[in-house]
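**Student:** In this note's numbering, the protein residues as written are 43 to 616.
#1: Here's a check: name, in chain order, each residue in its chain whose Cβ is nearer than 7 Å to the Cβ of residue 428, leaving out the five neighbours to either side.
#2: Could you say which of 290, 336, 362 lies nearest to residue 303 if we only look at CA atoms?
#3: Please go through the same chain and pick out, in chain order, the residues whose beta-carbon is closer than 8 Å to the beta-carbon of residue 119, but skip the five residues on each side of it.
#4: Do the region 184-191 and the region 462-478 meet, that is, are 3 or more Cβ pairs less than 8 Å apart?
#5: Below 8 Å on the Cβ atoms is my guess for residue 365 versus residue 347; work out the distance and round it to an integer in Å.
#6: If we ignore side chains and look at the alpha-carbon of each, how far apart do residue 393 and residue 320 end up?
#7: Give the single residue among 452, 472, 399 whose Cα lies nearest to the Cα of residue 353.
#8: DSSP three-state call for residue 399: helix, strand or coil?
#9: Any Cβ of chain B within less than 8 Å of the Cβ of residue 270?
#10: Nearest-angstrom Cα distance between residue 430 and residue 612?
#11: Tell me, please, whether the region 229-236 touches the region 284-293 by the rule of three or more beta-carbon pairs shorter than 8 Å.
#12: According to DSSP, is residue 284 helix, strand or coil?
#13: Let me know if residue 434 comes out buried or exposed under the rule of 16 or more other beta-carbons within 10 Å of its beta-carbon.
#14: Need the endpoints of the alpha helix (DSSP H) that residue 529 sits in, please.
#15: Under three-state DSSP, which class holds residue 428?
#16: Would you mind listing the beta strand (DSSP E) stretches within the region 327-372 that are 3+ residues and don't spill past its ends, in chain order?
#17: Taking the Cβ atom as the reference point for each residue, do residue 442 and residue 496 lie within a distance shorter than 8 Å?
#18: Going by Cα to Cα distance, which pick from 555, 278, 270, 550 is closest to residue 228?
#19: Quick check: residue 242 and residue 205, are their CB atoms within less than 8 Å of each other?
#20: Whose C-beta lies closer than 8 Å to the C-beta of residue 607 among residues of the same chain, with five residues either side of it excluded?
#21: Since residue 586 sits in a beta bridge, which residues does DSSP pair it with?
#22: From which residue to which residue does the alpha helix (DSSP H) around residue 408 run?
#23: Check the C-beta distance from residue 487 over to residue 137 and give it rounded, since I have them as a contact under 8 Å.
#24: Take residue 522 as the anchor and find which of 498, 505, 511 has the nearest alpha-carbon.
#25: Starting from the C-beta of residue 603, find all residues in its chain whose C-beta is less than 7 Å away, skip the five residues before and the five after it, and write them out in chain order.
#26: Could you pull the DSSP bridge partners for residue 200 from this structure?
#27: Only counting the same chain, and skipping five residues up and downstream in sequence, which positions put a Cβ closer than 8 Å to that of residue 92?
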């Protein structure tokens, strides 16, 4: 069972147990204010919107006030007025996303009382509303969550909008393709997505089967609708595989959190629910999930909304924080849960963490680093006009850390959809980069790794959506690394699959393939899924392929051997 992976990981990484301590610092940090009182809550974003290296706060509000922006200045937040003239409308989620790959953050805002809005950053944090010219509807779609990914691997971020239409029951979710020219096209029908209303709260782009194409998980409210898992077919269409994968549960799903809690390279799902219990799904690596809620001790059994994985004490495992809504009719509900990973994949709720003062109903939460000290902090949007919580991580530990921030060049500029792998003494951790996650939230763009007592990391490996793989070696601990796509390409002998080695990638023509079993056939397919070349390999475990006749671009290699079929992405630059 893969859950055991983390046991052995921590044995070799080493860590110092620390008393976990959080202090609520919203007011002294300059953000002692309320989101308002909104039905089913407001979102919150802990994301560096001005690219100065400090995680800022963006706070969604009810209709009585405008979206609020707080710039982080050396650990203290100062309010800014970025959208002028100021518009006051009820907003649900704010996504900072570079839609045009120009290096600055644009802003997308959802609402359940107004239309969605897209604001282009024209430079120097000046914004103009381009919603209409971009092609988004001008009517209220009762939109809650929005998540961004590059489903067709063209280098531009597309958006999936979750609509919870419980007024007309006619508005489905929508997938909008980014055309790369400031406009978007509704491709919901052509992509093969469900076109009926399903009371959806949130979604997440992630690659659940590690085939290089981003899939989409959708959390649906109401037990009459199952959750959706859209498998990306790699040709611009999706197949809904919720039932066959085990992710298509009938529940009151509020949100989904994606991470790899057991270090096996397959990304898992944590789905919040009513008091019937949250669900923790472990990715089995064969396009199915197993429910491990009971064995991990993470059911919550409150009224769960936002959830986030984070390594609180930098001991190289992922803990879990969950926000909960209170109810005057059910006094047994809890306002939050903090689950500490006990270095074995089993979670418990430690005492005296500082969270005990929390008696507020809350919906959304997000993580970032207030003061760049390498300890991850949490911001929580509370309900019923109560001030937000800003939980500063003050855990006293000697454990070390590493942060990684990505900049795409061939892939989308934000590096969304990339897999970051680090290795220490043969043991690995993985992170997946998302945009618009949890319940109406967005986390820091900087991915954080706790590394225990280790003073360095053997390597950082980044697999981009373009197919490019970059790697850095021997990185000292306790620093932030910014890695630009293509600046540290994987060398021919740097990495190999357990049974397969392919190099170079990208290639300018000649491609080498080595395996530990006989290779039977190698087929090459283009972006549209059309076979463009085929090689019969008889009785050999090695092959050199001449791909120079093919045009530059991204291709899929299907390699058949006695080990089965392996699919890989290959970039050709001729």
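Backbone N, C-alpha and C define an ideal beta-carbon position, used for all residues, glycine too. Keep in mind it's a predicted model, so treat the numbers as computed, not measured.
**Tutor:** According to the data block:
#1: 76, 402
#2: 362
#3: 71, 72, 73, 98, 99, 112, 113
#4: yes
#5: 5 Å
#6: 22 Å
#7: 472
#8: helix
#9: The chain inventory of the structure shown lacks chain B, comprising one protein chain alone.
#10: 47 Å
#11: no
#12: helix
#13: buried
#14: Here residue 529 belongs to no alpha helix (DSSP H), and DSSP marks it neither H nor E.
#15: coil
#16: 331-333, 346-352, 361-366
#17: yes
#18: 278
#19: yes
#20: 600, 601
#21: 554
#22: Note, residue 408: premise wrong, no alpha helix (DSSP H); beta strand (DSSP E) at 404-410.
#23: That belief does not hold up - the Cβ atoms of residue 487 and residue 137 are roughly 12 Å apart, past 8 Å.
#24: 498
#25: 557, 559, 560, 561, 562
#26: 191
#27: 98, 113, 147, 167
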